[in-house]
Ligand SMILES: Cc1cc2nc3c(=O)[nH]c(=O)nc-3n(C[C@H](O)[C@H](O)[C@H](O)COP(=O)(O)OP(=O)(O)OC[C@H]3O[C@@H](n4cnc5c(N)ncnc54)[C@H](O)[C@@H]3O)c2cc1C
Ligand code: SF4
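Residue numbers (the numbering used here): 34 to 362.
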């Protein structure tokens, strides 16, 4: 596997970065740590001739208790004391990503915008050619759900669900100016699964904003994977809650690693505000989520097993939040 030649651009400001993306519309990708993009390029997955490197754009770096720059390295988030104290679920999820080496190079923006995964897609060009290409790269059919013209590749980032449950927002800069969206607003859950985000052409993730109101919430991130030292999630459950005495004053739960997009289950958690988090209520939420999720057969573990484990992991993540248990991983 080799990298085809590309032209590298190295802007220093957000405006210049967005201008370059507009100039090379449809012909460029942003390059952050490269830990996802460059292996994909080596497998000849949707290669583009221009790469716009983000490493010299000052505005994208830095971590404060309220803001994480898109180019912040995952390893720096993991080490940051103010985040460990204020957003333990986020730090816990980051600690579960890949390996220390990948976390040293991978960035927050790159993890939120990581390409979706499927075992018919994350393969070399020759492997894919021998089977017949698929909708997501070079082909016209899906090998997983052939009767549909849609891609079901799995969203495999650990960070997005953990940020979603603390109501984090992503600041985006683009040709039309700046805007902010809730983290899950990045993903186009109604789309064809091929274009995985709602970002308009040339839009750039600048930073993640962490609301003051969410700081100090009890939080948990529970991850199912094959090799605990290394692998992408086969399922990731994030939960966060605050309590007024024994009663919930907020509760949010999000699931990733299971379907094409991470999602929150507000319709199940919001009615519990004002209640105590009893084992019976936890069981009810867990069972309903198990019923609702629809993994397909495109990762290592069988979809029936992942679906069943969704219930188990929701039960564990909510159990971690109990008033007496404190923050858990
Ligand atoms: C061996 C291995 C194991 C892994 N295991 C896990 C795991 O367990 N959990 C997990 O969550 N991830 C896992 N990953 C994925 C890893 O976390 C991502 O590769 C990393 O977070 C991507 O960050 P990056 O900075 O390298 O992004 P890049 O590879 O540089 O970019 C990734 C994508 O995001 C786009 N992009 C990057 N930054 C921006 C921005 N600011 N604005 C707009 N678009 C942007 C790029 O154009 C590209 O499409 C694994 C990766 C490897 C190699
Ligand atoms: S889900 Fe289908 S279209 Fe998407 S990557 Fe897999 S085989 Fe390709």
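No residue lacks a Cβ here, since even glycine has one placed at the ideal position from N, Cα and C.
Source: prediction; values computed, not measured.
Exposure label - residue i; buried when at least 16 CB within 10 Å
i	result
residue 78	buried
residue 246	exposed
residue 348	buried
residue 192	buried
residue 361	Its pLDDT being 37, under 50, residue 361 is placed unreliably in this model, and the coordinates cannot settle the point.
residue 358	Bear in mind that the predicted position of residue 358 carries a pLDDT of just 44, short of 50, making it too unreliable to give a figure here.
residue 115	exposed
residue 211	exposed
residue 143	buried
residue 234	exposed
residue 337	exposed
residue 182	exposed
residue 263	exposed
residue 113	buried
residue 50	buried
residue 125	buried
residue 344	buried
residue 179	exposed
residue 282	exposed
residue 244	exposed
residue 299	exposed
Assigned secondary structure, residue i (DSSP; H/G/I helix, E/B strand, else coil)
i	result
residue 234	coil
residue 309	strand
residue 40	strand
residue 126	helix
residue 337	helix
residue 229	coil
residue 316	helix
residue 353	helix
residue 360	Its pLDDT being 39, under 50, residue 360 is placed unreliably by the model, and the measurement read from it follows with that caveat. Coil at residue 360, not helix or strand.
residue 70	helix
residue 221	coil
residue 64	strand
residue 215	strand
residue 58	coil
residue 241	strand
residue 50	helix
residue 327	coil
residue 345	helix
Euclidean distance between Cα positions of residue i and residue j
i	j	result
residue 303	residue 99	25 Å
residue 59	residue 53	11 Å
residue 127	residue 253	12 Å
residue 202	residue 231	14 Å
residue 273	residue 311	16 Å
residue 83	residue 277	53 Å
residue 346	residue 240	29 Å
residue 97	residue 325	37 Å
residue 86	residue 305	45 Å
residue 43	residue 94	15 Å
residue 205	residue 237	6 Å
residue 319	residue 41	47 Å
residue 140	residue 313	39 Å
residue 160	residue 224	27 Å
residue 173	residue 275	47 Å
residue 186	residue 267	12 Å
residue 38	residue 80	10 Å
residue 323	residue 111	30 Å
residue 188	residue 270	13 Å
residue 329	residue 152	11 Å
residue 355	residue 147	32 Å
residue 265	residue 149	11 Å
residue 184	residue 175	6 Å
residue 315	residue 198	17 Å
residue 209	residue 317	44 Å
residue 195	residue 341	21 Å
residue 90	residue 101	14 Å
residue 107	residue 350	22 Å
residue 88	residue 279	46 Å
residue 55	residue 64	15 Å
Residue-chain proximity (residue i, chain B), Cβ-Cβ < 7 Å
i	result
residue 95	Annotation note: the requested chain B is absent from the structure, which comprises a single protein chain.
Give, in chain order, every unbroken run of the alpha helix (DSSP H) that is at least 4 residues long and sits entirely within the segment 243-311. Within the segment 243-311, the complete alpha helix (DSSP H) runs of at least 4 residues are 299-302.
Tell me whether the segment 282-297 and the segment 209-229 touch, counting them as touching only if at least three CB pairs, one residue from each stretch, are closer than 8 Å. Yes, they touch.
With three or more beta-carbon pairs closer than 8 Å as the criterion, would you say the segment 61-73 touches the segment 127-143? Proximity of the segment 61-73 to the segment 127-143 meets the contact definition, three or more beta-carbon pairs being nearer than 8 Å.
Across the segment 326-337 and the segment 256-269, are there enough close Cβ pairs to call them in contact, namely three or more that are closer than 8 Å? With three or more CB-CB distances shorter than 8 Å, the segment 326-337 counts as touching the segment 256-269.
Completely contained alpha helix (DSSP H) runs for the segment 82-119, where each covers 4 or more residues: Segments of the alpha helix (DSSP H) lying fully in the segment 82-119: 107-112 and 114-119.
For the segment 132-209, list the beta strand (DSSP E) runs that are entirely contained and at least 3 residues long, ordered along the chain. Complete beta strand (DSSP E) runs here, min 3: 202-207.
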